[in-house]
Structure formats: C-alpha cells, structure tokens
Amino acid sequence: MASDDTTTVLDEAGTGAVKLMLSKLEDHDVTVVFEMVGGVGPIGDLAAEAMKNRNIDL
Numbered sequence: 001m002a003s004d005d006t007t008t009v010l011d012e013a014g015t016g017a018v019k020l021m022l023s024k025l026e027d028h029d030v031t032v033v034f035e036m037v038g039g040v041g042p043i044g045d046l047a048a049e050a051m052k053n054r055n056i057d058l
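Throughout the sequence shown, residue numbering follows the UniProt record's numbering, covering 1 to 58 in sequence.
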C-alpha cells in the first residue's frame with residue numbers, strides 16, 4: 001500500500017491498460033476496484049470515470 005507521500009503516475013500504456021481492464025469488469029467489480037484504492041490516485045480516477053460513464057452507484 002502506498003504511503004501518503006507517494007505519487008503514482010500512469011503512462012499512456014498503463015492508463016490504456018487500466019481502462020481496458022475496467023471495461024471488461026462487471027459493474028460491481030468496478031466499484032470494488034474504486035473502493036480498494038480508496039477512490040484516490042490515477043486508478044481511483046479512472047474507476048470513478050468508468051462508474052460515471054456506466055451510471056454505477058456505490
């Protein structure tokens with residue numbers, strides 16, 4: 001788990017891979033990803049975007 005002083009950055013390939021993974025997951029699993037990362041960081045942002053686009057509520 002990353003500490004508060006760690007910054008995670010995804011490059012284009014990493015961002016594309018996460019978006020692809022999220023697109024293959026069921027709605028519930030997207031919310032699990034969002035919750036596992038605490039809704040923060042680039043993966044949390046991408047999961048939140050996927051949830052918004054798919055109209056998924058927590």
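Using N, Cα and C, we set each Cβ at its ideal position, and we do this for glycine too.
The structure displayed is predicted, hence computed values, not measured ones.
N- and C-terminal bounds of the alpha helix (DSSP H) containing Ile43 | Reading the sequence shown from its first residue, position 43 is the one you call residue 43. Residues 41-53.
6 Å Cβ shell around Glu35 - same chain, five flanking residues per side excluded | Reading the sequence shown from its first residue, position 35 is the one you call residue 35. Nothing listed; no residue qualifies.
Compute the Euclidean distance between the alpha carbons of Leu20 and Gly38, then round it to the nearest angstrom.
-> What you label residue 20 is simply residue 20 of the sequence shown in a count that begins at 1. What you label residue 38 is simply residue 38 of the sequence shown in a count that begins at 1. Those two C-alpha atoms are separated by around 20 Å.
Which first and last residues belong to the alpha helix (DSSP H) in which Thr31 is found?
-> Along the sequence shown, read from residue 1 onward, the residue named residue 31 stands at position 31. That run of the alpha helix (DSSP H) goes 27-36.
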